[in-house]
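A short write-up of the structure that comes next.
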Amino acid sequence: MDFFNLQPAEWQALLLTLKVASAALAVALPLAVLMAFVLARYRFTGHGAVNALVHLPLVLPPVVTGYVLLLTFGRKGPVGSFLDSVFGVTFAFNWTGAALAAGVMAFPLMVRPIRLSFEAVDPKLEEAAKSLGAHRLTAFLTVTLPLALPGILGGAILGFAKAMGEFGATITFVSNIPGETRTLSLALYTATQTPGGELAAFRLTLIAAFVAFAALIASEALARRLRARMGGGHA
Amino acid sequence: MLDVDIKGRVGQLDLEARFESGGGVTSLFGQSGAGKTTLTNMLAGLIKPLSGHIAVNGTTLFDAQKGINLSVQARRIGHVFQDARLFPHLSVASNLTYARWAGRRPGTRDMAEVVDLLGLGNLLERKPGTLSGGEKQRVAIGRALLSDPRLLIMDEPLANLDQARRNDILPYLDRLCVEAGIPILYVSHSIEEVARLSNTLVILSDGRTPAFGPVADMLARTDLGRATGRHEASALLEGTVTRCDPDWGLTDVDIGGAILQIPDMVAEPGDAVRLRIRARDVALAVVPPEGLSIRNAFPATIRSISSEKGPYAEILCSASGQVLRARITRASVADLDLHTGKDVTVLIKSVAIDRRQRAPALTDAATGGTSAG
Chain A
70 MDFFNLQPAE
80 WQALLLTLKV
90 ASAALAVALP
100 LAVLMAFVLA
110 RYRFTGHGAV
120 NALVHLPLVL
130 PPVVTGYVLL
140 LTFGRKGPVG
150 SFLDSVFGVT
160 FAFNWTGAAL
170 AAGVMAFPLM
180 VRPIRLSFEA
190 VDPKLEEAAK
200 SLGAHRLTAF
210 LTVTLPLALP
220 GILGGAILGF
230 AKAMGEFGAT
240 ITFVSNIPGE
250 TRTLSLALYT
260 ATQTPGGELA
270 AFRLTLIAAF
280 VAFAALIASE
290 ALARRLRARM
300 GGGHA
Chain B
6 MLDVDIKGRV
16 GQLDLEARFE
26 SGGGVTSLFG
36 QSGAGKTTLT
46 NMLAGLIKPL
56 SGHIAVNGTT
66 LFDAQKGINL
76 SVQARRIGHV
86 FQDARLFPHL
96 SVASNLTYAR
106 WAGRRPGTRD
116 MAEVVDLLGL
126 GNLLERKPGT
136 LSGGEKQRVA
146 IGRALLSDPR
156 LLIMDEPLAN
166 LDQARRNDIL
176 PYLDRLCVEA
186 GIPILYVSHS
196 IEEVARLSNT
206 LVILSDGRTP
216 AFGPVADMLA
226 RTDLGRATGR
236 HEASALLEGT
246 VTRCDPDWGL
256 TDVDIGGAIL
266 QIPDMVAEPG
276 DAVRLRIRAR
286 DVALAVVPPE
296 GLSIRNAFPA
306 TIRSISSEKG
316 PYAEILCSAS
326 GQVLRARITR
336 ASVADLDLHT
346 GKDVTVLIKS
356 VAIDRRQRAP
366 ALTDAATGGT
376 SAG
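From first to last, the protein sequence lines stand for chains A and B.
Quick note on my numbering: the first sequence kicks off at 70 and runs consecutively.
Quick note on my numbering: the second sequence kicks off at 6 and runs consecutively.
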């Protein structure tokens, strides 16, 4: 039965992973919703460039993304040194850096489905809302956003899963520090590199699978409730 | 009430519209592609005209010279779209009250009254996805009414409905037009709807407004053939029900001297009715005919005869102070020696009843338009 007793280090990795992924989601999701809406509804010069930039982490080797993050947000990087000196915030080699890496990697995966769901909402509904006196933000919050909610939920699940499993960019940017940046994936990698770590690696695999499965079940239930609220039809 | 003089351009369409209307129901009539939706979108503030001005009830909504261009929200125009545009994630009740909770327009109109007017009582808890096309349009009309509008624009609300649904919703529109208490701009390409519902008719053709005026006068004009549709040419008569004869199933309507007998009409003496008589249902005789099955025949005087190419001529006759329109062949005009001023007998083959109001309701209709704002 010892098999099911998690070691303190494994607990630590699990909780850290949840913390990192939640933080990444909390910050990246609102930004992804905003970016998806802008890309879906507005045509401007540089639209294509912005779109490409958003999707860059999807096609770049994660190690490259991690290295770019290190160069910009590291203690000596332009953004990193500015944030350090003005706000005293550092990303290098701590869990917020892991969350940043996870958020950047998850961002394109969130923007895609959310953008598609915004494009599926008829902009004429917003015209109707405005004709009834609602201002732009109110129309967005009461009509467009709720109608895009299933897609936002899908994007959030995808982003959370990606953030949970992020490896390459994280290890390049913030290294593999127990209790600070060693998430499940990194712990699993470490276990496979340690003599006699097979059992630990197997347990970590099960934990990762269980968390992913639970997230999927929860999102399915949430999506069903959303569809029921939409009245099961479209006007 | 409604004062519009605008120019604009959208895509291939050059729009140049100028009309005034005294309130009540103004119909904007034109064929598909004439620019009806473009014009209503300019009134609603969804498209900006290049020049000109728009005023409703004395409030300027747009004036290019003075640099006035109110936002969609500030125009307070209730817009009933062709495709209803209900919010699919909200219940009917939340759709109806949207202007109150999202548009911050408290509104003066009683919700229960609107629900009753449009027969929405059983639909309040439903989602738009479960409604029929006619029900959706009724909800859309109610939603616009409850947004405290200074003008209600209805952009072909029946265009996407089949005939049965149209017949379901038309009685609600009859009541609405009488009881709304605000000016209504009704957009349509159906002369039946226009003749039935409106007080003023504005004709829109190829982006221009060649004519506007009281609906009966407009329908009596023969120079607007292409814009109003030759096939649909008709005249409107206002009358009062004088007698109902259940034995023969006939109702007598006094049109100001002459009596028309109309079969299968649900009415009571005293009711005011609006009758529409299509030009192709009217025949002319130079001597009062005898031994005819047609019951509605009365004397009239020819006012004008259109001189056009083609086999048909449009003839306007006055009878009992009202104008009738007849469409007969030019050959008959020549054979019978018809000319302006000649006394003839008009024979009416069939009559459409367009609107029926109880006598007191008619006075409401007369004042309804002017009491608003």
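The beta carbon of each residue, even a glycine, is placed where N, CA and C say it ideally should be.
Can you tell me whether DSSP reads Pro133(B) as helix, strand or coil?
Pro133(B): helix per DSSP, three-state reduction.
Considering only residues of the same chain and omitting the five flanking positions on each side of Gln130(B), which have a CB-CB separation below 8 Å?
It should be noted that the sequence gives Glu, not Gln, for residue 130(B). Only Ser96, Val97, Ala98 meet the Cβ criterion.
Between which two residues does the alpha helix (DSSP H) holding Leu297(B) run?
Run containing Leu297(B): none; DSSP gives neither H nor E here.
Can you confirm whether the stretch 328-335 of chain B touches the stretch 269-288 of chain B when touching is taken to mean that 3 or more C-beta pairs between the two stretches lie within less than 8 Å?
Output reads yes: the stretch 328-335 of chain B touches the stretch 269-288 of chain B.
Ignoring anything shorter than 3 residues or poking outside the stretch 81-133 of chain B, list the beta strand (DSSP E) runs there in chain order.
Runs of the beta strand (DSSP E) inside the stretch 81-133 of chain B: 82-85.
Does the distance from the C-beta atom of Leu98(A) to that of Met179(A) stay below 8 Å?
Yes; because the gap between Cβ atoms is below 8 Å, this pair is in contact.
Among Pro219(A), Leu222(A), Asp191(A), which one has its Cα closest to the Cα of Ala208(A)?
With distances taken between Cα atoms, Ala208(A) lies closest to Asp191(A).
Out of curiosity, what's the CA-to-CA distance linking Gln266(B) and Val258(B)?
C-alpha separation (whole angstroms): 6 Å.
Quick one: measure Cβ to Cβ for Gly149(A) and Gly143(A), integer angstroms, because I've assumed they're closer than 8 Å.
With a Cβ gap of about 5 Å, Gly149(A) and Gly143(A) count as contacting.
With a Cβ-Cβ cutoff of 8 Å, do Leu202(B) and Tyr191(B) count as a contact?
Yes. Within cutoff.
Can you confirm whether Gln142(B), when its beta carbon is compared against all beta carbons of chain A, has any partner nearer than 8 Å?
No, Gln142(B) lies away from the interface with chain A (no Cβ there is under 8 Å from its Cβ).
Measuring CA to CA, which of Leu255(B), Leu18(B), Arg14(B), Gln36(B) is closest to Val207(B)?
When each option's Cα is compared against that of Val207(B), the closest is Gln36(B).
Answer with yes or no whether the minimum CB distance from Ile82(B) to chain A is below 8 Å.
So yes, Ile82(B) belongs to the interface.
Would you call the CB atoms of Thr250(A) and Phe162(A) closer than 8 Å?
Against a cut-off of 8 Å, the Cβ pair of Phe162(A) and Thr250(A) comes out as a contact.
Please state whether DSSP places Gly302(A) in a helix, a strand or coil.
Only weak support exists for where Gly302(A) lies, its pLDDT of 44 falling under 50; the value from the coordinates is given anyway. Residue state, collapsed to three classes: coil.
Return the Cβ separation of Leu91(B) and Ala49(B) in integer angstroms, given the expectation that the two are a contact with Cβ distance under 8 Å.
Incorrect: roughly 17 Å between the Cβ atoms, too far for contact.
Cα-Cα, which of Ile189(B), Ala164(B), Thr113(B) is closest to Gly138(B)?
Cα-wise, what sits closest to Gly138(B) is Ala164(B).
How about the stretch 260-278 of chain B and the stretch 309-325 of chain B: do they share at least three Cβ pairs that are nearer than 8 Å?
Yes, the stretch 260-278 of chain B touches the stretch 309-325 of chain B.
Pull up the CB-CB distance for Phe176(A) and Ala101(A), whole angstroms please, since I reckon it's below 8 Å.
Confirmed, about 6 Å.
Output needed in chain order: residues of the stretch 186-216 of chain A with a Cβ under 8 Å from some Cβ in chain B.
If the cut-off is 8 Å between Cβ atoms, the stretch 186-216 of chain A has Asp191, Lys193, Leu194, Glu196, Ala197, Ala198, Lys199, Ser200, Leu201, Gly202, Ala203, His204, Thr207, Ala208, Thr211, Val212, Pro215, Leu216 near chain B.
So which residues on chain B does Arg298(A) lean against when the C-beta distance must stay under 8 Å?
Those within 8 Å of Arg298(A) in chain B are His94.
Hey, is Leu255(B)'s beta-carbon within less than 8 Å of any beta-carbon in chain A?
No, no contact with chain A.
Restricting to runs no shorter than 4 residues, where is the alpha helix (DSSP H) found entirely within the stretch 154-207 of chain B?
Runs of the alpha helix (DSSP H) inside the stretch 154-207 of chain B: 168-184, 196-202.
Can you tell which of Gln142(B), His94(B), Thr205(B), Leu175(B) has the C-alpha that lies nearest to the C-alpha of Thr31(B)?
For the residues Gln142(B), His94(B), Thr205(B), Leu175(B), the minimum Cα distance to Thr31(B) belongs to Thr205(B).
In this structure, what does DSSP give as the bridge partners for Gly57(B)?
In DSSP, Gly57(B) forms a bridge with Ile11(B).
Might you give, ordered along the chain, the residues of its own chain that have their beta carbon closer than 8 Å to the beta carbon of Pro219(B), omitting 5 neighbours on each side?
The residues are Asn204, Thr205, Leu206.
Label Phe282(A) either buried or exposed according to how many other C-beta atoms from any shown protein chain fall within 10 Å of its C-beta, with 16 as the threshold for buried.
So Phe282(A) ends up on the exposed side.
Is it right to say Ala290(A) is buried, meaning 16 or more other beta carbons lie within 10 angstroms of its own, or is it exposed?
Exposed, by the Cβ-count rule.
Between Ala167(A), Gly202(A), Val107(A), which has its C-alpha nearest Ile183(A)'s C-alpha?
Ranking the options by Cα distance to Ile183(A), first place goes to Val107(A).
With DSSP as the reference, please indicate the residues paired to Tyr136(A) in a beta bridge.
Answer by DSSP bridge pairing: none, since Tyr136(A) is not bridged.
Figure out for me which residue from Gly244(B), Glu25(B), Met223(B) has the closest Cα to the Cα of Ala238(B).
Taking only the C-alpha atoms, the option nearest Ala238(B) is Met223(B).
Does Ser32(B) get closer than 8 Å to chain A when you measure Cβ to Cβ?
By this cut-off, Ser32(B) is not an interface position.
So, does the stretch 83-91 of chain A touch the stretch 240-256 of chain A, judging by three or more C-beta pairs under 8 Å?
They touch, by the three-pair rule.
At the level of alpha carbons, what is the spacing between Ala230(A) and Gln262(A)?
Roughly 24 Å separates the two Cα atoms.
Does any CB atom of chain A fall closer than 8 Å to the CB of Gly16(B)?
It does not: the Cβ of Gly16(B) has no partner Cβ on chain A nearer than 8 Å.
Counting only the same chain and skipping the five closest in sequence on each side, list residues whose C-beta sits under 6 Å from that of Pro293(B).
So the qualifying residues of the chain are Thr350.
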